[in-house]
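S.K.: Starting off with a structure, shown below.
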Amino acid sequence: MLKIITIAQLVVAVLLMGGILLQQSGAGLGSAFGGGDSVYLTKRGAEKTIFTLTIILAFLFLALGVANLLLAKNA
536 MLKIITIAQL VVAVLLMGGI LLQQSGAGLG SAFGGGDSVY LTKRGAEKTI
586 FTLTIILAFL FLALGVANLL LAKNA
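In terms of my numbering, the sequence shown opens at residue 536 and continues consecutively.
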């Protein structure tokens, strides 16, 4: 069970890094796809979806980390 949680945490970590890099912030991969403006705009469409998925992945990563610690402590 511990190995499955560790693998899931690694997969979520890679997806989380991708989600963070794809967000429009003026740097990273966001600027490669037309980002780079410093003017704040309301998130719409794909940008809002990526933002929401990044938050969900961050909470999932945290939950998997806590579960991994608790299972390793009990093993």
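Every residue, glycine too, gets a C-beta built ideally from N, C-alpha and C.
Does the beta-carbon distance from Leu599 to Ala543 come in below 7 Å?
M.R.: For the purposes of this step, residue 599 is identified with residue 64 of the sequence shown, where counting begins at 1. For the purposes of this step, residue 543 is identified with residue 8 of the sequence shown, where counting begins at 1. Yes. Within cutoff.
S.K.: Which one of Ile590, Arg579, Leu597 and Thr577 has the shortest CA to CA distance from Ile555?
M.R.: Here residue 555 is taken as the residue at index 20 of the sequence shown, counted from 1. Of the candidates Ile590, Arg579, Leu597 and Thr577, the one whose C-alpha sits nearest the C-alpha of Ile555 is Ile590.
S.K.: Once the 5 residues before and after Leu606 are set aside, which same chain residues still bring their CB inside 8 Å of it?
M.R.: Mapped onto the sequence shown, residue 606 falls at position 71. Within the same chain, Leu606 has close Cβ partners Met536, Leu537 and Ile540.
S.K.: Which term fits Leu597, buried or exposed, when burial requires 16 or more other beta carbons within 10 angstroms of its beta carbon?
M.R.: As a working mapping, residue 597 is identified with position 62 in the sequence shown. Exposed, because fewer than 16 other Cβ atoms sit within 10 Å of the Cβ of Leu597.
S.K.: Report buried or exposed for Leu557, applying the criterion of at least 16 other Cβ atoms within 10 angstroms of its Cβ.
M.R.: Here residue 557 refers to the residue found at position 22 when the sequence shown is read from its first residue. The residue is buried, with at least 16 neighbouring Cβ atoms inside 10 Å.
S.K.: Flag this pair as yes or no: are the beta carbons of Leu545 and Leu592 separated by less than 7 Å?
M.R.: Counted from its first residue, the sequence shown places residue 545 at position 10. Counted from its first residue, the sequence shown places residue 592 at position 57. Not closer than 7 Å, so no.
S.K.: In three-state DSSP terms, what is Ile558?
M.R.: The residue given as residue 558 occupies position 23 in the sequence shown. Ile is not the amino acid found at residue 558; the sequence shown has Gln there. It is coil, neither helix nor strand.
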